[in-house]
Amino acid sequence: MTTRPLSPVSRRAFLGFGAVGAAALLTACAGESAPTGGAASGAAKTLNIDFATYNPLSLVIKKKGWLEATLKDQGIAVNWVQSAGSNKANEALRAGAIEVGSTAGSAALLARSNGSPIKTIGIFSQPEWAALVVAKDSPITSVADLKGKQVAATKGTDPYFFLVQALEEAGLSINDVTVQNLQHADGRAALENGSVDAWAGLDPIMAGAEQNGATLLYRNLDFNTYGFLNATEDFVANSPELAQTVVDAYEKARAWAADNAEETAAILAEVAGLDQGVADKVILERSNLDVSGIPGAAQESVLKVVGPIFVETGDVTDQAKIDVAVGTIIEDSFAQKADPSTIKDA
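Residue numbers (mature numbering (1 follows the signal peptide of the UniProt record, and there is no 0)): -30 to -1, 1 to 316.
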């Protein structure tokens, strides 16, 4: 399918969304027979890049085949690898399984603070993708009621840090609850089968749980960090033209998604195995269309707020590591000169 030509770079973006459920798993595709060669061995012959249901722009780019069309003449294949959560994207980036991956801002900062050599080259969303969720007819009516309870959360992701902040606001700490460290889809299952009392949820899985009767116990947009598009330092240094192509594709997707909200929701429903109504809720009701794709001061401000939480919870040993990471994680040069007109239609 082709799209109409786009106007100059739009600064609108869609919110990022929750990790895929078990029924939504897809296999990696494209570039399977192409020569491999990551950034560490010189200019890449294969672009290893993630897609995730919490990053709808990645779904648009993959569906439209824009990267494949643009890179074909350069002899570069595209290998799409699914990320089930920010923690999984960070694991893949650190292992060199992907060069570009999608995470929450909090997760990116946590990874870099602990030595992962990543740079944030773009912003794909400013989402409200996390909230605290309880089952239908739960007696829990406030965050304070969670004291002594079992809560499912995926450590190293925005919902986990959302939980930490929500508890602190209610005068509690993470030590006042028992955290069951479960991947997002498993957290929903645990909530629905009664294994936990609450779940730090992530869209679109959270919207699906709502459709089945779950209740959002607590929401707070300020406790959600931005959607960060990250790349390994080797990739940025050794394949800067390819990194620029990725960011250009994201700018094309940003403008296209803003102009085609219903089709974006349909793509999300297809990939995540969601009812169309659930996907519409995620895209049309929990979307921010005004965020810039350029990482900068706004993101640094958010990271400075969540950074000390890592030290309090023992996820980072000292604040100095946080400060260094905040000061070095952003690489805005690609987003500053992003040009979606360089991206070919399939």
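Think of the CB as a built atom: it goes at the ideal place given N, C-alpha and C, for glycine as much as any other residue.
Practice item. Would you mind giving the Cβ-Cβ distance between A136 and Y196, rounded to the nearest angstrom? I have them listed as a contact below 8 angstroms. Key: The pair is not a contact, with the Cβ atoms about 18 angstroms apart (cut-off 8 angstroms).
Check your understanding: In chain order, what residues of the same chain lie with their CB nearer than 7 angstroms to the CB of Q120, ignoring the 5 residues before and after it?
Key -> Excluding sequence neighbours, Q120 sits near T148, Q150, V166 and D167.
Review point. Which residues does DSSP pair with I19 in a beta bridge?
Key: Here I19 is bridged, per DSSP, to W50 and V70.
**Study point:** Pairwise C-alpha distance: A78 and G85
**Key:** Whole-angstrom Cα-Cα distance: 11 angstroms.
Exercise for review: Check K33 in the structure and name its three-state DSSP category.
Suggested key: DSSP places K33 in helix when its eight states are reduced to three.
Review point. If we count Cβ pairs, one from each stretch, closer than 8 angstroms, do we get three or more for the stretch 55 to 71 versus the stretch 29 to 43?
Key: No, they do not touch.
Review point. Relative to the C-alpha of A114, which residue among N230, I93, N163 and E139 is closest?
Key: Comparing Cα-Cα distances from A114 to each of N230, I93, N163 and E139, the minimum goes to E139.
Review point. Considering only residues of the stretch 71 to 136, which uninterrupted beta strand (DSSP E) runs meet the minimum length of 3 residues and lie entirely inside it, listed in chain order?
Key: Correct list: 88 to 95, 100 to 104 and 120 to 123.
Point to revise | Under the three-state DSSP convention, the category G7 falls into | key: Note on G7: pLDDT 37, under 50, position unreliable in the model; no value is reported.
Review point. What are the start and end residues of the alpha helix (DSSP H) that includes residue 331?
Key: Outside the shown range of the chain, which is -30 to 316, sits residue 331, and nothing can be said about it.
Exercise for review: Less than 8 angstroms between the CB atoms is what I'm expecting for L172 and P129, so what's the real figure, rounded?
Suggested key: Confirmed, Cβ separation roughly 5 angstroms.
**Study point:** Cβ contact (3+ pairs, closer than 8 angstroms) linking the stretch 292 to 310 and the stretch 261 to 279
**Key:** The stretch 261 to 279 and the stretch 292 to 310 touch, with three or more beta-carbon pairs separated by less than 8 angstroms.
Point to revise | Pairwise C-alpha distance: K125 and K89 | key: For K89 and K125, the distance between alpha carbons rounds to 21 angstroms.
Check your understanding: Mind checking whether N18 and N60 have CB atoms under 8 angstroms apart?
Key -> Not in contact: N18 and N60 (Cβ atoms no closer than 8 angstroms).
Check your understanding: Which residues in the same chain as N163 place their Cβ atom closer than 8 angstroms to its Cβ, once the five residues preceding and following it in sequence are excluded?
Key -> Here N163 has no same chain residue with a Cβ atom under 8 angstroms from its own Cβ, once five neighbours each way along the sequence are excluded.
Point to revise | In chain order, each beta strand (DSSP E) run of at least 3 residues that lies wholly inside the stretch 149 to 174 | key: Secondary structure remark: continuous beta strand (DSSP E) runs of at least 3 residues inside the stretch 149 to 174, in chain order: 168 to 172.
Point to revise | Exposure of A308, with buried meaning 16 or more beta-carbon neighbours within 10 Å | key: The C-beta of A308 has 16 or more other C-beta atoms within 10 Å across all chains shown, which makes the residue buried.
Check your understanding: In angstroms, rounded to a whole number, what distance separates the CA positions of V241 and L254?
Key -> Put simply, the backbone Cα of V241 is about 17 angstroms away from that of L254.
Point to revise | Residues bridged to G197 (per DSSP) | key: As DSSP reads the structure, G197 sits in a beta bridge with A74 and S95.
Review point. In the DSSP assignment, what residue or residues form a beta bridge with I300?
Key: Partner residues in the beta bridge of I300, as assigned by DSSP, are T90.
**Study point:** Chain-order list of residues whose beta-carbon lies under 7 angstroms from that of K33 (same chain, five-residue window excluded)
**Key:** So the qualifying residues of the chain are I237.
Practice item. Taking E98 and L186 to be in contact with their CB atoms under 8 angstroms, please state how far apart those CB atoms are, rounded to whole angstroms. Key: Taking the Cβ atoms as the reference, E98 lies roughly 10 angstroms from L186, outside the contact range of under 8 angstroms.
Check your understanding: Alpha carbon to alpha carbon, how far is V103 from Q181?
Key -> Taking the straight line from one Cα to the other gives about 12 angstroms.
Review point. Does the distance from the C-beta atom of V30 to that of W169 stay below 8 angstroms?
Key: In this structure, V30 sits away from W169, with a CB-CB distance that is not shorter than 8 angstroms.
Review point. Per DSSP, residue 367 forms a beta bridge with which residues?
Key: With the chain covering only -30 through 316, there is no way to say anything about residue 367.
**Study point:** Residues bridged to T202 (per DSSP)
**Key:** In DSSP, T202 forms a bridge with I88.
Practice item. State the start and end residues of the unbroken alpha helix (DSSP H) segment that holds N25. Key: DSSP places N25 in no alpha helix (DSSP H); its state is neither H nor E.
Practice item. Would you kindly check if the distance between the Cβ of I279 and the Cβ of F132 is under 8 angstroms? Key: Against a cut-off of 8 angstroms, the Cβ pair of I279 and F132 comes out as no contact.
Point to revise | Cutoff 7 angstroms; reference D302; Cβ partners in own chain excluding five residues on either side | key: So the qualifying residues of the chain are I264, P265 and G266.
Review point. Where do the ends of the alpha helix (DSSP H) carrying Q269 lie?
Key: Here the alpha helix (DSSP H) through Q269 covers A267 to E282.
Point to revise | CB of A235 within 8 angstroms of CB of A219, strictly | key: No, Cβ-Cβ distance for A235 and A219 is not below 8 angstroms.
Practice item. State the Cα-Cα distance for the pair V286 and A207, rounded to the nearest angstrom. Key: Cα to Cα, the separation comes out at about 27 angstroms.
Exercise for review: Look at the alpha carbon of H154 and the alpha carbon of I313, and state the distance between them as a whole number of angstroms.
Suggested key: Looking at the two C-alpha atoms, the distance is approximately 33 angstroms.
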